[in-house]
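Numbering (our numbering), first residue to last: 217 to 582. Written out below as C-alpha cells is the structure these notes cover.
Right, dumping it as C-alpha cells:
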C-alpha cells in the first residue's frame, strides 16, 4: 500500500525521549535522577541569584512603563478598571492581573512589582529543562536551561516590572504540554497545551505568535507527514477544544472594541505602519524600509542590541558564544528537517544521536 520510503518515515512526534541513560558517575550511577535533580537545582539557583541580586537597584529607578503598568494592575484589582478593557500601551488588562495580585497581597513596592516577572523568568528556565528533556534528553534540557539562566536578554526582562516575560513562560508551558500529549498519545496534556496557547492570548502581545507557529507546524505536517498527521487528527481535536474553551472570554475584546483591539498590533507590525517608517527613514520605497528593518533586527540580535528600548540593555539578544552555537543548531535542524528525533534504540535514533552527543539541540531551545 505504501512505498518503502513512506514506510521508513519517522513518526510525526517521537514516542517520548527514549530510555534514560545513566550519565552520572560515582555513587549516583545507580540513581541518575538524583544527579539530574541536583544539577537542575544548581541551575535554578544560578538563575535565581542573577535575577534577584539588587532587584530594586538594577536597573535604576522605575521606568515610566514599569510604574504605569503597576498602577494599571492595582486599579484592576481595586475594581477601578474593567478586566475586559485595554490598559497601558493598549495591552489587554488581563496581562496585568498577575502583577496586580502580587502587589495587592504583598504591597505596592518596587521589589514586589519586579518579583512577579522574576517568578515567570524562573518558570521559563525550569520549563526549558522539561521541554528539552521530553524532546531530546536530560542533557539537552539541562544545557538549554543553563544557557537561558544567564542569557542577558532573558535576565533583563525578568528584572523589570513589565509583562513581557509572561509570554515566554506560557509559550514554553504550552509547547511542553503539547509535546507530551502528542508524543505519549495522551488527551489531557494535549487539551491543556491547547488551553495554554489560548491563555497566552490574554497576556503580552508576543504570545499571539504561538497559534501562528502551530499553524505553520500543521502545514508542514500535512505537506511532509501526511500519513502520520491523519493518525493524529483526533488527538489534535483535543488541543483545539482546549484552545477554544480558553479563548471564549477573550473574544469579548475583538467583538466589543475592535478598533482598540487592532491598535496594539498596528503599532508593532511594520507593514501596517509603513508611512511612519518611510517618513522616519527618508525613503518612499517599501523594499528599502524592509531592508532597513532587517538590518536593525540583525543588530538587535547579533551586534549592538536595541538602543531604543530606554531600559539600558543595549547588548545583543544572543550572547557572543551562544550566537554561533545557535547558528550551528539551526543548520543541524535544517539538515534534519525531514527527520524527527527517534528513540536511540532505533536505526533512525543512531543516525541523529550525534546531534544529541554534540548538544546542538539545547542551543536551539536555550
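Ideal Cβ positions, reconstructed from N, Cα and C, are used throughout, including at glycine. Just so it is clear, the structure is predicted and the values come from calculations on it, not from any experiment.
Residue j beta carbon less than 9 Å from that of residue i
i	j	result
residue 329	residue 319	yes
residue 358	residue 256	yes
residue 278	residue 326	yes
residue 340	residue 381	yes
residue 490	residue 482	no
residue 259	residue 345	yes
residue 416	residue 386	yes
residue 406	residue 454	yes
residue 419	residue 379	yes
residue 457	residue 410	yes
residue 466	residue 414	yes
residue 383	residue 338	no
residue 448	residue 412	no
residue 364	residue 264	no
residue 335	residue 313	no
residue 459	residue 470	no
residue 303	residue 293	no
residue 315	residue 332	yes
residue 462	residue 434	no
residue 421	residue 480	yes
residue 394	residue 430	yes
residue 266	residue 366	yes
residue 437	residue 445	yes
residue 505	residue 494	yes
residue 402	residue 396	yes
residue 282	residue 377	yes
First and last residue of the uninterrupted alpha helix (DSSP H) at residue i
i	result
residue 320	313-322
residue 254	248-268
residue 373	368-374
residue 194	This structure leaves residue 194 out entirely; the chain is present only between 217 and 582.
residue 434	425-440
residue 497	490-497
As assigned by DSSP and simplified to three states, the class of residue i
i	result
residue 419	coil
residue 273	coil
residue 473	coil
residue 504	helix
residue 207	Look at the range of the chain in this structure, 217 to 582, and you will see that residue 207 is not part of it.
residue 329	helix
residue 406	helix
residue 379	coil
residue 279	coil
residue 453	helix
residue 467	helix
residue 510	helix
residue 443	helix
residue 401	coil
residue 240	Low local confidence applies: a pLDDT of 41 at residue 240 is under 50, so the model's placement there is unreliable, with the coordinate-based value given in what follows. Looking at residue 240 - three-state DSSP - the assignment turns out to be coil, as it is neither helix nor strand.
residue 557	Any answer about residue 557 is weak, because its pLDDT of 49 lies below 50 and its placement is not dependable; what the coordinates show is given next. Correct three-state label for residue 557: coil.
residue 524	No answer about residue 524 holds up, because its pLDDT of 48 lies below 50 and its placement is not dependable.
residue 224	With a pLDDT of 46 at residue 224, under the threshold of 50, the modelled position of that residue is not reliable, and no figure is offered here.
residue 217	Low per-residue confidence applies at residue 217: pLDDT is 41, beneath 50, and the placement is therefore not dependable, though the value from the model is reported in the following sentence. Residue state, collapsed to three classes: coil.
Identified DSSP bridge partners for residue i
i	result
residue 302	308
Residue-chain proximity (residue i, chain C), Cβ-Cβ < 9 Å
i	result
residue 331	The structure shown contains no chain C; it is built from a single protein chain.
**OP:** Inspect the CB distances between the segment 349-365 and the segment 292-311 and report whether three or more fall short of 8 Å.
**Re:** Not touching, per the Cβ criterion.
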